[in-house]
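Report on one structure; see the data block that follows.
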Ligand SMILES: [Mg+2]
């Protein structure tokens, strides 16, 4: 019952995942969440470490896109800033925008990964879409809307549970 919420992989932050690791996992397209994955919640700029890492993975031929539950304007701004297609108001865990993004990148779901901070939106959505799901630690978890903080109360024990039962013993980057 809980397996649908289980991330394929836990990483500290998006840039912990190197291009060669992604390739070895068969990932050719990467869908990025915005809030608390590549930027602080509500901020209009990505985290400073993002650009170098993006340049590296693109150099390696990995396609990228954004799928966010936030509004059209905010998502489009990040898309423009980072030079990638952006899909807004995704309503994750709905799979609709995730599949659109994969189609746009030209990568089938099994070669596509979603990277995000929330179990009940990003991870569940990715798993439903047949994509790989990569869970990052929230960039800044204590600056979030109250409804997100409520979900954290539910996802923290789940993450602890999954990590305690990971094949590699839970050391920050586990492949299940
Ligand atoms: Mg998020």
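In the working numbering, the protein residues as written are 335 to 510.
All C-beta atoms, glycine included, are put in the ideal place defined by N, C-alpha and C.
Predicted, not measured: the structure shown is a model, and the values here were computed from it.
* Under a Cβ-count criterion, where at least 16 other Cβ atoms within 10 Å of its own Cβ denotes burial, should residue 487 be classed as buried or exposed? -> exposed
* Who are the Cβ neighbours of residue 442 in its own chain at under 6 Å, not counting the five residues just before and after it? -> Shown here for residue 442: not one same chain residue has a beta carbon closer than 6 Å to its own, the five before and five after excluded.
* For the beta strand (DSSP E) holding residue 447, just list the boundary residues, first then last. => 446 to 450
* Asked: Is there contact here, the segment 418 to 433 with the segment 340 to 347, by at least three beta-carbon pairs under 8 Å?
  -> no
* Buried or exposed: residue 356, going by 16 or more other Cβ atoms within 10 Å of its Cβ? -> That one is buried.
* **Sequence-distant residues of its chain with Cβ nearer than 7 Å to residue 485 (five each side left out)** => 452 and 454
* To do: Please report how far the alpha carbon of residue 390 lies from the alpha carbon of residue 353, in whole angstroms.
  => Between residue 390 and residue 353, the alpha-carbon positions lie close to 7 Å from each other.
* Is the closest heavy atom of ligand 1 to the C-beta of residue 450 under 7 Å? -> Here the distance from the Cβ of residue 450 to the nearest heavy atom of ligand 1 is below 7 Å.
* Asked: Taking DSSP as the reference, what is the three-state secondary structure of residue 367?
  -> coil
* If we ignore side chains and look at the alpha-carbon of each, how far apart do residue 281 and residue 480 end up? -> No answer is possible for residue 281: the residues shown for the chain start at 335 and end at 510.
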